[in-house]
Amino acid sequence: MRRNSFVLMVLFFTILSGGVLLHSCKHSPYVLPEDQRTNDPSICFERDILPVLQSNCAKSGCHDAASGEKGYVLDNYANIMKKGIVPGNPAASTIWQSLNYTTGEKAMPKDAPRLSDATIDLIKRWIAAGAVDSGACTTSACDTTKFTYSSIVAPIMQSNCTGCHNAASDPGGSLADYNSVKEAAVNGRLIGDIEHLPGYNNMPKNGAKLQDCQITQVKKWVAAGALNN
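Each number in my numbering comes from the position in the sequence shown (counting from 1) with 6 added on.
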């Protein structure tokens, strides 16, 4: 009888300890890491990103279709996505890295002013959001009641013009600073070029015509006296 009781007791503790071990070895189910892409519907590739890359990068001798420096062609979405963009990961995207450098051989664009911090951050946000081409853009982000030089005209010039028209590559036709832009506004070249009027050079040279809203903003700024405001 005692022996049976002892056997039962051993069996009981064996089962109990086994249950404890099984419980302690339980693992939480593996959860896949969340996608790091962050949707940003305020950014439109055709409106906000492509003009910057076309104007500042897709130039003769650099990253246009004919030159393709180091295998990078930055003239349209398909080519841009072939090399240098890792959707969802700006830090791994060599195009963004080059734009983010302040000095050195890797800093881009070459022989042109560095893009503004705001523009570089915009490209970073576009990549982080998945680097998508969302198609036709709405014009809701453009407000024709706003047309100051600092907040409207200067960013339009940098995104669409200064890649070619800067002090280094085009001293006589630079649009990289207020005085140069004002001179082009006063002599009529600025409006003639962006409106594609007869007798002028259609600008931007490597990209699509500015949006009607943007042209209106520039024209209103000129009509108001082309102030440094």
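For every residue, glycine included, the Cβ atom is placed at its ideal position computed from N, Cα and C. Just so it is clear, the structure is predicted and the values come from calculations on it, not from any experiment.
### Exposure label - residue 191; buried when at least 16 CB within 10 Å
buried
### Whole-number beta carbon distance between residue 59 and residue 91, since they are thought to touch under 8 angstroms
Contact annotation, residue 91 with residue 59: C-beta distance approximately 10 angstroms; criterion of less than 8 angstroms not satisfied.
### Message
DSSP three-state label for residue 52, please.
### Response
helix
### Query
What do you get for residue 156, buried or exposed, if any count of 16 or more other CB atoms within 10 angstroms of its CB means buried?
By the neighbour-count rule (16 or more Cβ atoms within 10 Å), residue 156 is not buried but exposed.
### Task
Measuring alpha carbon to alpha carbon, tell me which of 99, 81, 169 and 112 ends up nearest residue 135.
If you compare the alpha carbons of 99, 81, 169 and 112 with that of residue 135, the shortest gap goes to 99.
### Same chain, Cβ closer than 7 angstroms to residue 211, five either side skipped, listed in chain order
Hits under 7 angstroms: 170.
### Task
Could you pull the start and end residues of the alpha helix (DSSP H) that residue 100 belongs to?
100-106
### Message
Suppose contacts are defined by Cβ-Cβ distances below 9 angstroms. Is residue 56 in contact with residue 83 by that definition?
### Response
Cβ atoms of residue 56 and residue 83: closer than 9 angstroms.
### Query
In three-state terms, what does DSSP make of residue 203?
coil
### Message
Taking its Cβ as the centre, do 16 or more other Cβ atoms sit within 10 Å of residue 65, making it buried, or is it exposed?
### Response
buried
### Message
Rounded to the nearest angstrom, what separates residue 220 and residue 201 at their Cα positions?
### Response
10 angstroms
### Query
Buried or exposed: residue 37, going by 16 or more other Cβ atoms within 10 Å of its Cβ?
Any reading at residue 37 is ruled out, since the residue's pLDDT is 40, under 50, leaving its predicted position unreliable.
### Task
May I ask you to report which of helix, strand or coil DSSP gives residue 111?
coil
### Task
Please go through the same chain and pick out, in chain order, the residues whose beta-carbon is closer than 8 angstroms to the beta-carbon of residue 74, but skip the five residues on each side of it.
Closer than 8 angstroms at the Cβ level, and outside the excluded window around residue 74, lies no residue.
### Task
Within its chain, find whatever has a CB closer than 7 angstroms to the CB of residue 35; leave out the 5 residues flanking it on each side and keep chain order.
The pLDDT assigned to residue 35 is 45, lower than 50, so where the model puts this residue is not dependable, and the model offers no usable value.
### Task
Output yes or no for whether 9 angstroms exceeds the beta carbon distance between residue 128 and residue 115.
no
### Query
Between residue 172 and residue 118, is the Cβ-Cβ spacing less than 9 angstroms?
Cβ atoms of residue 172 and residue 118: closer than 9 angstroms.
### Query
Taking DSSP as the reference, what is the three-state secondary structure of residue 154?
In the three-state reduction of the DSSP assignment, residue 154 falls in the coil class.
### Task
List the endpoints of the continuous alpha helix (DSSP H) containing residue 116.
Premise fails: residue 116 is in no alpha helix (DSSP H) and is neither H nor E.
#### Entry: Close beta carbons around residue 148, own chain, < 8 angstroms, minus the five adjacent residues each side
217, 219, 220 and 223
### Message
At the level of alpha carbons, what is the spacing between residue 71 and residue 88?
### Response
13 angstroms
### Task
Assign residue 110 to one of two classes, buried (16 or more other C-beta atoms within 10 Å of its C-beta) or exposed (fewer than that).
Burial call: exposed.
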